[in-house]
Every structure is written in structure tokens, then in C-alpha cells.
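A short worksheet on the structure shown next.
In the numbering used here, the protein residues as written are 534 to 881.
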């Protein structure tokens with residue numbers, strides 16, 4: 534069969550020719566990252582994308598996942614499905630976070646292998662690194678210290694996903710051609726984000742808070758902590774492009790730049806920003822004119838979280854969307870989402 538090459542995004546000596554007709558299963562396609570991966574694949578010309586909603590396929594159900602793979606027989610898998618949440622959710626439901634994520638990873642990765650899938654990409658999280666890891670955090674920091682207690686169950690599940698991929702590679706790579714990879718994103722934001730007032734991450738939480746403060750003409754917005762901690766953020770469309778890029782790399786390249794038991798690749802912008810600067814930027818973008826006040830009696834959390842992205846940069850990928858542009862795009866998405874939410878509540 535003639536293999537059609539994709540466009541100049543992949544025109545690199547390190548990226549293999551790819552058949553755009555391959556059947557690709559994206560697990561978690563309705564989430565922020567999964568939906569962005571689907572958009573990226575379509576943009577790159579992939580024509581045979583398979584998806585299932587949670588109602589159609591419960592990934593924690595071993596038999597259901599087995600039957601799905603028996604029926605669909607995908608050529609590639611992007612494992613973006615996960616149970617996610619903020620600090621409150623992680624602290625309140627630790628058993629659900631570790632159990633559901635472990636089950637989803639185990640079922641999908643094993644059934645992918647059992648049904649002949651050679652290429653799989655597992656999406657992890659920067660929370661896999663120790664709480665006190667040296668900054669910026671390199672891939673080598675994994676398993677070198679204690680995790681942040683508030684999301685330890687989730688982090689352990691994500692570490693298990695990395696080790697599942699590595700273990701299948703080590704045992705079945707030579708005999709079955711298995712090539713399962715892992716990428717570790719920094720803090721993501723953008724279209725499809727969760728703007729729940731109690732269970733969202735910092736950017737969507739601030740976007741909603743400033744928007745509602747503007748709409749209600751509130752004189753001030755109070756933010757927990759001193760505003761001094763620094764965080765790194767990546768627009769979700771950049772994460773999607775990095776995911777497809779990593780999947781397109783030749784196996785020999787990945788073997789050259791990673792190790793069999795340290796094969797994950799960090800994905801981030803390589804730049805961090807103080808929470809106070811972030812809040813000021815979001816206030817401008819949302820049009821809020823009031824005062825921003827910080828409450829130092831509330832916890833700051835870790836002083837800095839920044840990924841070392843030297844590896845993926847050397848491989849040929851770097852982020853394109855600036856934080857300013859990304860925040861503007863995220864706010865536009867939020868306004869559409871928020872208006873729909875209000876309309877639905879009025880109609881109920």
C-alpha cells in the first residue's frame with residue numbers, strides 16, 4: 534500500500550513516514566487533551582479516528598475494553614483518558630483516583646498489546662516528580678524522592694502507566710515490535726478546560742473568578758497565598774501537537790535519546806510565571822478593573838514547578854502559543870461555555 538506522507542510539520546530526518554489511513558483510537562476524546570489530539574490528527578490529515586464516550590465504553594471494565602479492541606483492532610492508541618481533578622478532589626477521593634486510573638491504564642495498555650497494537654502514547658502528568666525535585670525538573674528526577682501528598686494516589690497511578698509502557702517494551706519490543714511511549718505535560722489549559730468553581734486548576738479558576746467579578750462589579754478579587762509561587766503553563770493545542778510529534782518519531786531515535794527504564798518525555802513551554810503576574814494578565818484579558826488582593830494566611834503550595842524540556846526541544850519540537858495568546862483563546866472558550874451553562878440552568 535502506498536504510504537502518504539504528512540505535511541511539513543513532520544518533515545524531519547527523525548520522523549518516519551506515516552500512513553494517514555491507519556486506524557487510531559483516542560481514549561478520552563471528550564476531555565481537554567483528548568479532544569485537542571483529535572483536532573490535531575484531523576488537521577494533519579489522519580482519516581480513520583476511533584472514539585468512544587464513557588457511556589459507550591467504561592475503560593475500567595476489563596471485559597468491555599477487551600471486546601472493544603477485538604472489534605475495532607486499532608493500529609495506534611493515544612491514551613488520554615484519566616480521572617482528573619484539583620487538590621480538593623484528590624484529597625477527598627484518593628481511592629477513586631488511584632483505582633480508576635490504574636484500571637484504565639492497565640486495561641487499555643494490555644488489550645492494545647493483546648490485539649497487536651504496535652504504537653501507543655500514554656499521557657501522564659508533571660505531578661509524577663518528587664515534591665522537592667530540583668528545578669527545572671528533568672526526566673531523571675522520577676522516583677528520586679517523596680511525592681506531593683495531596684495528589685500522591687494520582688501521581689502513583691501515572692507512574693504506573695509509564696512503567697507499564699516500559700515493561701511491555703522491554704518484554705515484547707524485540708519479539709512483537711511493541712513501541713509504547715509516554716509524555717509528561719506541564720500544567721495545561723485551553724478549550725475544553727474544567728471551569729468548575731471548586732474543582733478546577735489555577736488558570737480556569739482565575740478566568741471564571743475574574744469574569745464573574747467583572748459581571749458583578751465586585752471591587753476586589755482575593756487570591757489565596759502571596760502570589761509569589763511560579764508555575765509553568767502550556768496551551769493544550771501545543772500539547773496535542775507534541776503528542777502527535779512524539780508518536781511520529783522513529784523508534785531508533787527514541788532509543789537513542791531515552792533509556793529503557795527512563796523513556797518518558799517532558800512536554801512544556803520551558804517558561805514559568807509568578808501567580809501574581811498570571812492573575813494580572815487574566816484580569817486584563819477578562820476586562821476586570823478592580824483590585825487584586827492576596828491572602829498570605831492561605832497556603833502557597835510549592836514555590837516553583839517547572840519542567841526541563843531540553844529533551845523534546847533537542848528532538849525538534851517546541852511550543853508555539855505564547856501565554857498571552859493562549860489566555861485570550863482560553864477566555865473566548867470560557868465565555869462560550871459559561872453562557873451555555875447559564876442558559877441551560879435557566880431552562881431547567
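All C-beta atoms, glycine included, are put in the ideal place defined by N, C-alpha and C.
- One alpha carbon belongs to residue 599, the other to residue 605, and they sit about 10 angstroms apart.
- Scanning the stretch 627-685 for uninterrupted beta strand (DSSP E) segments of 3 residues or longer gives 652-656, listed from N- to C-terminal end.
- Counting every other CB atom within 10 Å of its CB across the protein chains shown gives residue 853 a total below 16, marking it as exposed.
- Look at residue 794 here: in three-state DSSP terms it is coil, with no helix or strand label.
- For residue 556, the enclosing beta strand (DSSP E) starts and ends at 556-560.
- By the criterion of a C-beta distance shorter than 6 angstroms, residue 698 is surrounded in its chain by 655, 713, 715, once the five residues flanking it on both sides are discounted.
- Remark: C-beta atoms of residue 686 and residue 631 approach each other more closely than 8 angstroms.
- For residue 765, there is no enclosing alpha helix (DSSP H); the residue is found in the beta strand (DSSP E) stretching over 763-768.
- Counting only runs of 3 or more residues that sit fully inside the stretch 800-851, the beta strand (DSSP E) segments are 805-807, 824-828, in chain order.
- If you ignore the 5 residues before and after residue 648, its C-beta comes within less than 7 angstroms of the C-beta of 602, 603, 606, all in its own chain and listed in chain order.
- Residue 753 sits in a strand when the DSSP states are folded into three classes.
- Residue 624 and residue 585 have their C-alpha atoms some 29 angstroms from each other.
- If you draw a straight line from the Cα of residue 708 to the Cα of residue 651, it is about 11 angstroms long.
- With a contact defined as Cβ atoms closer than 8 angstroms, residue 792 and residue 839 miss out at about 22 angstroms.
- Taking the CA atoms as reference points, residue 658 sits about 14 angstroms from residue 638.
- The alpha-carbon of residue 566 is positioned some 7 angstroms away from that of residue 772.
- Under the three-state reduction of DSSP, residue 582 is assigned to strand.
- With respect to residue 722, residue 615 sits apart: the two C-beta atoms are not nearer than 8 angstroms.
- For residue 862, the three-state secondary structure derived from DSSP is helix.
- The three-state reading of DSSP puts residue 732 in coil, since its state is none of H, G, I, E or B.
- The alpha-carbon of residue 579 is positioned some 5 angstroms away from that of residue 553.
- When the Cα atoms are used, residue 748 and residue 822 turn out to be separated by approximately 11 angstroms.
- With at least 16 other beta carbons inside 10 angstroms of its own, residue 669 counts as buried.
- Here residue 776 is not near residue 642, since their CB atoms are 8 angstroms or more apart.
- Of the candidates 730, 617, 684, the residue whose Cα lies closest to the Cα of residue 662 is 684.
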